[in-house]
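If you count by this note's numbering, then the sequence shown holds residues 36 to 186, one letter each, in order. Ideal Cβ placement from N, Cα and C applies to all residues, glycine included.
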Amino acid sequence: MAKVAKPAREPAEFFSAGQAAQLSGLTLAMVNYLCRNDVVVPSGAAQRGHGRSRQYTFGDVVALRLVAKLSATGVSPLRLRHGLLGLRKHHPEITLTSLPGSHIVTNGSELYLRHSDAPIERAFDGQFAFAFVVELTTLQREVASLMSHAA
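Structure (structure tokens):
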């Protein structure tokens with residue numbers, strides 16, 4: 036009978052602030068700032084306060100990584116506070132194997148969650164929003180095709 040290899044390491048259920056910073060690409064100072072300003076609040080610990088270690092879940096680290104990506108493009112994390120808190124509140128199912136949608140869309144102040152076959156949802160309160168997404172490469176190909184047929 037063949038032996039089944041066990042994974043080298045099970046993923047941690049919770050991450051310290053330092054681990055969350057490293058995984059998200061943010062500095063520890065930025066992770067602390069985001070926590071103090073209620074932008075991304077660690078949801079792994081029941082209570083926060085001095086002397087208590089913060090415990091970030093996988094979903095929290097994904098949210099921190101989102102902040103890192105958006106900050107790199109000039110989007111202010113403080114302007115996204117309500118959207119990020121709503122995302123974590125309405126969608127705690129961000130795990131290694133589960134996602135609530137396929138894309139995050141932002142206008143710089145609001146976050147929207149795009150589902151593959153459903154309307155876009157405002158992350159803050161789960162309200163569906165009307166948005167029309169058109170792939171530019173498709174339009175480009177269509178116009179090029181029409182040009183070649185007209186010639």
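If you measure between the beta carbons of residue i and residue j, is that distance less than 8 angstroms?
i	j	result
Ala103	Ser59	yes
Ala164	Gly118	no
Val75	Leu99	yes
Excluding the five sequence neighbours on either side, which residues of its own chain have a C-beta within less than 7 angstroms of the C-beta of residue i, listed in chain order?
i	result
Glu177	none
Gly161	His125
Name the DSSP bridge partner or partners of residue i?
i	result
Val140	Tyr147
Ile155	Ala164
Phe50	Tyr91
Our contact map puts residue i next to residue j with C-beta atoms below 8 angstroms; I'd like the distance itself, whole angstroms only.
i	j	result
Gly53	Leu69	That belief does not hold up - the Cβ atoms of Gly53 and Leu69 are roughly 14 angstroms apart, past 8 angstroms.
Arg114	Gly143	6 angstroms
Return the chain-ordered ranges of every beta strand (DSSP E) run that is complete within the stretch 93 to 143 and spans a minimum of 3 residues. 138 to 141
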